[in-house]
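Note that this note's numbering gives residue 16 to position 28 of the sequence shown, counting from 1, and the numbers run on in steps of one.
These notes are about the structure you will find just below.
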Amino acid sequence: MPKLLQYNGKDWIEIAKNGVAGKKPIAGLDFPLPKDGIDGKDGIDGESGKDAEESVVEELKETLSKLEKRINNIPRGGRIITGRYVHTPIVDRLTALTDGSTKTFLLSKAPKDTATMEVFGTDFPIILDPTVDFTVAGKTLTLTDAVPAPSAGATLICKFYV
């Protein structure tokens, strides 16, 4: 057992008065130390504190009541916010719009990030590169000059997150 844990409250008072091994803990400290509160009514002098003044007890009850009201009035939402947002995947099938000349297509929603978009189809190139083959502005997908317009009836699918 650590040496400090073997002392009880009375031992600590003696240590405060006399020090350890004859060394005073705080130079110039006079004893007995002044007491806070009223003798025999604050529980410090070995009394249980049951005989405390009624006004003090009432004041403590009022303070406790006020604190309970403040705690109960703290706004609490029914939702737990975790800081994590799950993005919803969207798949737009643009096959009905392919006619051999159209290179601009309207998406159902604006993508969250174009870097994670996947555009692919049955015409060459099968998989389109987001940095070279297409651009997105809002909900508009535009194929660049690096790729030809999808042929009539060719499959064109766009997968992205919102």
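Backbone N, C-alpha and C fix where the C-beta goes; we use that ideal spot for every residue, glycine too.
If you draw a 10 Å sphere on the C-beta of V45, you find fewer than 16 other C-beta atoms in it, and that means exposed. Annotated three-state conformation of A137 is coil, per DSSP. Boundaries of the beta strand (DSSP E) around V124: 122 to 125. Rounded to whole angstroms, the separation of the alpha carbons of I114 and F108 is 5 Å. Between L85 and V135, the alpha-carbon positions lie close to 16 Å from each other. Taken through DSSP and simplified to helix, strand or coil, L48 comes out as helix. Per DSSP, reduced to three states, the secondary structure at K147 is strand. Leaving aside the five residues that flank F148 on each side, the residues in its chain whose CB is nearer than 6 Å to its CB run, in chain order, I78, P99, M105. Taking C-beta atoms as the reference points, L131 and K91 count as a pair closer than 8 Å. Per DSSP, T130 is one residue of the beta strand (DSSP E) stretching across 128 to 131. Taking C-beta atoms as the reference points, L82 and I145 count as a pair closer than 8 Å. Residues of the same chain with a CB within less than 6 Å of the CB of A140, apart from the 5 flanking positions on each side, are D87, G88 in chain order. Around the C-beta of L55, fewer than 16 other C-beta atoms lie within 10 Å, and the residue is accordingly described as exposed.
With a beta-carbon spacing of about 16 Å, V124 and H75 fall beyond the 8 Å limit used to define contacts. In the three-state reduction of the DSSP assignment, T86 falls in the coil class. In the DSSP annotation of this structure, the continuous segment of the beta strand (DSSP E) that includes R81 starts and ends at 77 to 81.
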